[in-house]
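Heads up, the thing below is written out as structure tokens.
2 protein chains.
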Amino acid sequence: MAKHDPDLSLLLHALSDPTRRAMLSRLTKGPAAVTALAAPTRLRLPTILRHLSVLEAAGLIATAKDGRVRSCTLVPTALDPVRGWMDEQRAQWEARFDRLEDHVMKLMETPDDC
Amino acid sequence: MAKHDPDLSLLLHALSDPTRRAMLSRLTKGPAAVTALAAPTRLRLPTILRHLSVLEAAGLIATAKDGRVRSCTLVPTALDPVRGWMDEQRAQWEARFDRLEDHVMKLMETPDDC
Numbered sequence: 000m001a002k003h004d005p006d007l008s009l010l011l012h013a014l015s016d017p018t019r020r021a022m023l024s025r026l027t028k029g030p031a032a033v034t035a036l037a038a039p040t041r042l043r044l045p046t047i048l049r050h051l052s053v054l055e056a057a058g059l060i061a062t063a064k065d066g067r068v069r070s071c072t073l074v075p076t077a078l079d080p081v082r083g084w085m086d087e088q089r090a091q092w093e094a095r096f097d098r099l100e101d102h103v104m105k106l107m108e109t110p111d112d113c
Numbered sequence: 000m001a002k003h004d005p006d007l008s009l010l011l012h013a014l015s016d017p018t019r020r021a022m023l024s025r026l027t028k029g030p031a032a033v034t035a036l037a038a039p040t041r042l043r044l045p046t047i048l049r050h051l052s053v054l055e056a057a058g059l060i061a062t063a064k065d066g067r068v069r070s071c072t073l074v075p076t077a078l079d080p081v082r083g084w085m086d087e088q089r090a091q092w093e094a095r096f097d098r099l100e101d102h103v104m105k106l107m108e109t110p111d112d113c
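Here the protein sequences line up with chains A and B, keeping their order.
Per numbering that gives the first Met the number 0, the first sequence starts with residue 0, numbered consecutively.
Per numbering that gives the first Met the number 0, the second sequence starts with residue 0, numbered consecutively.
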């Protein structure tokens, strides 16, 4: 048990903060400068940079510097491992119910000796 | 920005740990006693109980005590808010590309004055 998937853990940790999720939502509309991402948050720049660094380490955003402006872009495929994990859980869960259904059907087909 | 959704944050935080994800995977196969969940982890019982308490606080599992045995059950609908958030992100991203496509089509339809 507890097979370690550092990428998935990093991704889910990055997504677990509401400020970071809001930044990602903003970036689905197109790339943005750090100052534009910071503006609606009322947070100080060092805090914003720390959030962006968590998102970048998880592979959710890419940043590039053009002169004095640092611009952030969403990496839309980065959520794929999370989708993959959730689909896997759902498949295991559905398989369990299929097995339960088979079991109930067999019980119903078995002649009742009572 | 940064609209707070404590349930979603709790859920994603609970999912961000590999031991907790492995426990959930085990529970997709059916309910299990705490000792059965602990066995493959080599972790001490207090650590296991802490992980289970994070999963329960996020609504991902339900626990019940029958005599001296505490049993854990998956709450399969608990992942719905995570799916909802991811679908929302994808829809925003796809809407952005639809707008870009419309823009490019309009540019191509505009007579070239050069």
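Here a beta-carbon is modelled for each residue, glycine too, at the ideal position from N, C-alpha and C.
Legend entry - Limits of the unbroken beta strand (DSSP E) element including T62 (chain B): Walking along the second sequence from the start, residue 62 (chain B) turns up at place 63. That run of the beta strand (DSSP E) goes I60 to D65.
Legend entry - Alpha carbon of S15 (chain A) to alpha carbon of S8 (chain A), nearest angstrom: For the purposes of this step, residue 15 (chain A) is taken as residue 16 along the first sequence, with counting starting at 1. For the purposes of this step, residue 8 (chain A) is taken as residue 9 along the first sequence, with counting starting at 1. Spanning the two alpha carbons is a distance of roughly 10 Å.
Inset, instruction - State yes or no: is the C-beta of I47 (chain A) within less than 9 Å of the C-beta of V68 (chain A)? - result: Along the first sequence, one-based indexing puts residue 47 (chain A) at 48. Along the first sequence, one-based indexing puts residue 68 (chain A) at 69. The answer is no: Cβ separation not under 9 Å.
Legend entry - Start-end ranges of the beta strand (DSSP E) lying completely within the segment 63–112 of chain B, minimum 3 residues: 68–73
Inset, instruction - Could you say which of A:M107, A:A21, A:A63 and A:W92 lies nearest to Q88 (chain B) if we only look at CA atoms? - result: Here residue 88 (chain B) refers to the residue found at position 89 when the second sequence is read from its first residue. Residue A:A21 is the option with its Cα nearest to Q88 (chain B).
Legend entry - Per-residue DSSP class, three states only, for A1 (chain A): As a working mapping, residue 1 (chain A) is identified with position 2 in the first sequence. The predicted position of A1 (chain A) is uncertain, since its pLDDT is 40 and thus under 50; a value taken from the coordinates is nonetheless stated next. Coil, per DSSP.
Legend entry - A31 (chain A) - DSSP class collapsed to helix/strand/coil: Numbered from its first residue, the first sequence carries residue 31 (chain A) at position 32. A31 (chain A) falls in the strand class under three-state DSSP.
Inset, instruction - Inspect the beta-carbon positions of S70 (chain A) and P30 (chain A) and report whether they are closer than 9 Å. - result: As a first step, residue 70 (chain A) is located in the first sequence; it is residue number 71 there, counting from the start. As a first step, residue 30 (chain A) is located in the first sequence; it is residue number 31 there, counting from the start. Yes.
Legend entry - Coarse secondary structure for R19 (chain A), derived from DSSP in three states: If you number the first sequence from 1, residue 19 (chain A) lands on position 20. If DSSP states are grouped into helix, strand and coil, R19 (chain A) belongs with the helices.
Inset, instruction - Please look up how many angstroms separate the CB atoms of A37 (chain B) and L26 (chain B), rounded, as I've assumed it's under 8 Å. - result: If you number the second sequence from 1, residue 37 (chain B) lands on position 38. If you number the second sequence from 1, residue 26 (chain B) lands on position 27. Their Cβ separation, rounded to whole angstroms, is 13 Å, which puts A37 (chain B) and L26 (chain B) out of contact at 8 Å.
Legend entry - Residue-chain proximity (T62 (chain A), chain B), Cβ-Cβ < 9 Å: For the purposes of this step, residue 62 (chain A) is taken as residue 63 along the first sequence, with counting starting at 1. Taking Cβ atoms only, chain B never reaches closer than 9 Å to T62 (chain A), which makes this a no.
Inset, instruction - Answer with yes or no whether the minimum CB distance from S70 (chain A) to chain B is below 9 Å. - result: Here residue 70 (chain A) refers to the residue found at position 71 when the first sequence is read from its first residue. No - not a single Cβ of chain B is within 9 Å of the one on S70 (chain A).
Legend entry - Reduced DSSP category for L148 (chain B) - H, G, I as helix; E, B as strand; rest coil: This structure cannot speak to residue 148 (chain B), because chain B is shown only from 0 to 113.
Legend entry - Span separating the alpha-carbon of E100 (chain B) from that of T72 (chain A): Within the second sequence, the letter at position 101 stands for residue 100 (chain B). Within the first sequence, the letter at position 73 stands for residue 72 (chain A). Rounded to the nearest angstrom, the two C-alpha atoms are 19 Å apart.
Inset, instruction - Report back the beta-carbon spacing between L78 (chain B) and T62 (chain B) to the nearest angstrom; my notes put them in contact at under 8 Å. - result: Stepping through the second sequence from its first residue, residue 78 (chain B) is reached at position 79. Stepping through the second sequence from its first residue, residue 62 (chain B) is reached at position 63. For a cut-off of 8 Å, the C-beta gap from L78 (chain B) to T62 (chain B) is around 18 Å, too long to register as a contact.
Inset, instruction - Leaving out five residues on either side along the sequence, give the residues of the same chain with a beta carbon under 8 Å from the beta carbon of L10 (chain A). - result: As a first step, residue 10 (chain A) must be located in the first sequence, where it is residue number 11. Hits under 8 Å: A57, G58, L59, A77, L78, P80 and V81.
Legend entry - Residue-level contact to chain A via CB, K105 (chain B), 9 Å cutoff: Reading the second sequence from its first residue, position 106 is the one you call residue 105 (chain B). Nearest CB-CB separation between K105 (chain B) and chain A: not below the 9 Å threshold.
Inset, instruction - Could you have a look at A13 (chain A) and say whether DSSP puts it in helix, strand or coil? - result: Walking along the first sequence from the start, residue 13 (chain A) turns up at place 14. A13 (chain A): helix per DSSP, three-state reduction.
Inset, instruction - Taking R95 (chain A) and K105 (chain B) to be in contact with their CB atoms under 8 Å, please state how far apart those CB atoms are, rounded to whole angstroms. - result: Residue 95 (chain A) sits at position 96 when you count from the first residue of the first sequence. Residue 105 (chain B) sits at position 106 when you count from the first residue of the second sequence. At roughly 51 Å, the Cβ-Cβ gap does not stay under 8 Å, so R95 (chain A) and K105 (chain B) are not in contact.
Inset, instruction - Say whether chain A places a C-beta atom closer than 9 Å to the C-beta of R95 (chain B). - result: Taking the second sequence and counting its residues from 1, the one referred to as residue 95 (chain B) is at position 96. Judged by the 9 Å Cβ criterion, R95 (chain B) is in contact with chain A.
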